[in-house]
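Q: Everything in the sequence shown is counted per my numbering, starting at 8 for the first residue and increasing by one.
All C-beta atoms in this analysis are idealised placements derived from N, C-alpha and C, irrespective of residue type, glycine included.
These figures come from a predicted structure and were not determined experimentally.
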Amino acid sequence: MDTQKSFSQPDAGHLYLVPTPIGNLEDMTYRAVRTLKDVDLIAAEDTRHTQQLLNHFEISTHQISFHEHNSQARIPELVAKMQAGQDIAQVSDAGMPSISDPGHDLVMACIAAKIAVIPLPGANAGMTALIASGLSPQPFYFWGFLPRKKGDLATTLDELADFPETIIFYEAPHRLKKTLQALAKHLGGERQIVVCRELTKKFEEFIRGDLKQVVQWSTETEIRGEFVLIVEGSHETHAELDNDLAAQPLRVQVETWMERGERTNDAIKKVAKANGLKRQVVYDDYHQITKE
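This is the structure:
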C-alpha cells in the first residue's frame, strides 16, 4: 500500500499530466497554461505539433520528445530528472495524456520511484462525444483504437458484442469504412451508433443511425477528419436460447442452430453469445479440440 500526497514536498520533482485541446484552442485551461509555463520540461508526443500550442499561449518552456518509438529509452532519463528535483509535464498531441500514447508507462515508472503524479482535468474526445451522442452515457466502456489486424479485430469485436455498456472507440479517417463494416458484421446492422467527427472544430458533425445506415453513409461520403464512435450496448441477454436447449451440451446447441439454417461459424458464435463464453471455447468444444 502507498499513499501519495501530491503537494506535500514542494521541492521534489513532479510529473504533471496536462491535457491539451482536441481541436479548439479555447479549451485549454488556465491551470494547464500556467503549469506548462512553470515546469522545467515538457515531454511531448510530437514537439513540432506541441510547439504551435506553446507559441499560441506564449509558453517558452523547453520540450523533449516522448513517443511510442523512444519511450523505453526516454523514461529512465525523465525519471532521473524528476528525482533530481525537476518538474516535468507530459502532453499528447490532443486530449488527455496516457490514453493513446506511452504516458502510462511513464506514470508507472514514477509511481515506482515515489515521484508524485499530478493529473490536470481537461479536454477528452471520448467523453465529449459520449455526452452529446444521445446514447446512454452510463455505464460506458472505453476501448480506444481497435486492432489493425483482421483476425485480432474480429476476435475483439466478437468479445465486445455482448457488452451491455455503451462503447467508445477512436478511429482514423483512412480506416473508418472498414471499421464500420466490421462493427456491422460482428455487432449487427441494427445496433445504434453515433459517428462524431472533428469535435470542437468548425466542421464538427454527429452522424446518428444504426450501423447499416452508417455503413451506407460511409460509402457515399468523403471521409475526412478525426472520429470518435459511440456504439450502443447490447440489449440481448445470455438467455438467448430457450431453457431446454441451454441445458444441452455445447455441441448439441451448435448442431441445433445449424439445423435452423445457420452456418457452422455463425452457430458457434450464437452459442458462445447465449452462454456468455468466448467463441474459441465453443469452437474447441464443437471440433473436439483439446489443449494441454
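So, for residue 236: in the same chain, excluding its five sequence neighbours on each side, which residues have a beta-carbon less than 7 Å away from its beta-carbon?
A: Correct list, in chain order: 176, 178, 200 and 202.
Q: Along the alpha helix (DSSP H) that carries residue 262, what are the first and last residues, could you check?
A: Here the alpha helix (DSSP H) through residue 262 covers 257-266.
Q: To the nearest whole angstrom, what separates the beta carbons of residue 149 and residue 129, a pair I think is in contact under 8 Å?
A: Contact flag wrong, Cβ pair sits at about 16 Å.
Q: In three-state DSSP terms, what is residue 112?
A: Residue 112: helix per DSSP, three-state reduction.
Q: How would you label residue 297, buried or exposed, when you count the other beta carbons within 10 angstroms and need 16 or more for buried?
A: The residue in question, residue 297, is exposed, as its Cβ has fewer than 16 Cβ neighbours within 10 Å.
Q: For the candidate residues 34, 56, 67 and 38, whose alpha-carbon lies nearest to that of residue 48?
A: Ranking 34, 56, 67 and 38 by Cα distance to residue 48 puts 67 first.
Q: Where does residue 238 sit, in a helix, a strand or coil, going by DSSP?
A: If DSSP states are grouped into helix, strand and coil, residue 238 belongs with the strands.
Q: Counting only the same chain and skipping the five closest in sequence on each side, list residues whose C-beta sits under 6 Å from that of residue 168.
A: Excluding positions up to five away in sequence, the list reads 193 and 194.
Q: Between 136, 262 and 291, which has its C-alpha nearest residue 211's C-alpha?
A: Selected option, being the one with the closest Cα: 136.
Q: Can you give me the C-alpha to C-alpha distance between residue 61 and residue 19, rounded to a whole angstrom?
A: Residue 61 and residue 19: Cα-Cα distance of roughly 25 Å.
Q: If you follow the beta strand (DSSP E) that residue 217 is in, where does it begin and where does it stop?
A: Counting along the chain, the beta strand (DSSP E) containing residue 217 begins and ends at 212-217.
Q: Mind pulling the beta strand (DSSP E) runs of 3 or more residues that sit fully within the region 17-61?
A: Correct list: 21-24 and 48-51.
Q: Could you tell me which residues DSSP puts in a beta bridge with residue 295?
A: Residue 295 is not bridged to any residue.
Q: Leaving aside the five residues before and after residue 147 along the sequence, list all residues of the same chain whose C-beta is less than 8 Å from its C-beta, in chain order.
A: 137, 172, 173, 174 and 175, listed in sequence order.
Q: Take residue 94 as the anchor and find which of 145, 151 and 117 has the nearest alpha-carbon.
A: The option with the nearest alpha carbon to residue 94 is 117.
Q: Ignore the nearest five residues each way along the sequence and tell me which others in residue 39's own chain have a CB closer than 8 Å to its CB.
A: Only 25, 26, 27, 127 and 129 meet the Cβ criterion.
Q: Mind checking residue 8: buried by the 16 CB within 10 Å criterion, or exposed?
A: Exposed: under 16 other Cβ atoms inside 10 Å.
Q: Using the beta-carbon count (16 or more within 10 Å), is residue 84 buried or exposed?
A: Residue 84 comes out exposed.
Q: Strictly by DSSP, which residues pair up with residue 163?
A: Its beta-bridge partners do not exist; DSSP assigns none.
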